[in-house]
Amino acid sequence: MTPRLDTDKETGVAVVTLDRPEKLNAIDVPTARQLAEIWRQLRFDDTVRVIVLTAAGTRAFSTGLDRDTVVPQPNSPYMQDDPLLHIGPKSNDLWKPVIAAVEGMACGGAFYLLGESEFIVAGEGARFFDPHTTYGMVSAYESVLMAQRMPYGEVARMMLMGTAERVSARRAYEVGLVSELTDAGNALGAAVERARVIAGYPPEGVQGTVRALWAAREAAHAQGFAQAPHLIALGNLPDDRQNQLFTERTQNFRIR
């Protein structure tokens, strides 16, 4: 089963761990459903006041949607099935704070999770990028979420440069995507420490603050997401062409 859920009732902190390291913690349909179930389960567990989201292994936090996942789509720009739309805490009506602890690569569909976290703690070796444009795909939902966390020029560059560039943890910290930078391998420990502090406060005020913060972003978020299905339907190359570009990909990239 993936992901894992571990709770510490004494501290009030739960750790949700993506646990497919052999797949770079890519998310398939069963994993997406299990994540949604975990978030909804945590809504009813009053012993858990703060959640840390992390991933197994050191190579990747998550590389997004598993490339082996087949998601049949209606032949219409007005209807689209996206298995990642409900993998985040906010989309499951969870208003307890979520802190992301990132090591290794975080790219593409990983931004659905990072975009619905309160803040991100990253190890020095973390790398952020979005491969959509390289493979003939529109970065829509990911761009909307990241545009609310980074300056426009920075998120535009990350989305448009595709696999040619990866944003270092240091640069992500400098532009505000990452709130705390640690030595490689220490992100989870630091995130748990911050979670324990927050879990020690009265949950009513904490959860109200999370809800207020999200409300400040909600209108832009809703409008952006409403446009996403049409842009994806219009802009994405056919699957066979995407797969061809993926198989022809180069490993050459720069880190900034």
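Just so it is clear: in the sequence shown, position 210 is 211 by the numbering used here, and no numbers are missing.
In this text, a Cβ means the ideal position worked out from N, Cα and C, and glycines have one as well.
{"Asked": "For PHE120, the nearest candidate out of ARG50, ASP131, VAL99 (CA to CA)", "Found": "VAL99"}
{"Asked": "Under 8 Å between C-beta atoms of GLY116 and VAL103", "Found": "no"}
{"Asked": "Short Cβ contact (8 Å threshold) for VAL168 with PHE130", "Found": "yes"}
{"Asked": "Terminal residues of the alpha helix (DSSP H) in which GLU175 lies", "Found": "170-176"}
{"Asked": "Within the segment 29-113, ranges of the alpha helix (DSSP H) (whole runs, at least 4 residues)", "Found": "30-44"}
{"Asked": "Host beta strand (DSSP E) of VAL211 (start-end)", "Found": "Unbroken run through VAL211 is the alpha helix (DSSP H), 204-236; no beta strand (DSSP E)."}
{"Asked": "Per DSSP, the bridge partner or partners of THR135", "Found": "DSSP, once it has assigned bridges, lists no residue as partnering THR135."}
{"Asked": "Cut-off 7 Å between Cβ atoms - residues of its own chain near GLU181, not counting five sequence neighbours on either side", "Found": "VAL122, ALA191"}
{"Asked": "DSSP bridge partner residues for THR8 (one or two, in chain order)", "Found": "ALA15"}
{"Asked": "Closest Cα partner of GLY163 within the set ALA107, VAL211, GLY177, PRO84", "Found": "ALA107"}
{"Asked": "Selected residue, minimal CA-CA separation from ASP82, among LYS91, THR70, PRO90", "Found": "THR70"}
{"Asked": "Own chain residues within Cβ distance below 6 Å of PRO22, not counting five before or after", "Found": "ALA57, GLY58"}
{"Asked": "The segment 234-250 contacting the segment 132-143, beta-carbon criterion three pairs below 8 Å", "Found": "yes"}
{"Asked": "Among GLY65, PRO73, ASP9, nearest to VAL49 - alpha-carbon criterion", "Found": "ASP9"}
{"Asked": "Nonlocal neighbours in the same chain, by C-beta distance under 7 Å from LYS24, ignoring five residues either side", "Found": "ASP67"}
{"Asked": "Span of the beta strand (DSSP E) around ALA123", "Found": "120-124"}
{"Asked": "For GLU155, the three-state DSSP class (helix, strand or coil)", "Found": "helix"}
{"Asked": "Range of the contiguous alpha helix (DSSP H) that encloses GLU23", "Found": "Unbroken run through GLU23: none, as it is neither H nor E."}
{"Asked": "With 16 other Cβ atoms within 10 Å as the buried cut-off, status of SER144", "Found": "buried"}
{"Asked": "CB-CB length for ALA166 against PHE62, believed under 8 Å", "Found": "Sequence check: residue 166 is Glu here, not Ala. Actually they do not touch by this definition, with Cβ atoms about 18 Å apart."}
{"Asked": "ILE256 classed as buried or exposed, judged by whether at least 16 other C-beta atoms fall within 10 angstroms", "Found": "exposed"}
{"Asked": "Cross-strand partners of THR183 (DSSP beta bridge)", "Found": "GLY124"}
{"Asked": "Residue range of the alpha helix (DSSP H) that includes ALA141", "Found": "Where ALA141 is concerned, there is no enclosing alpha helix (DSSP H), given that its DSSP letter is neither H nor E."}
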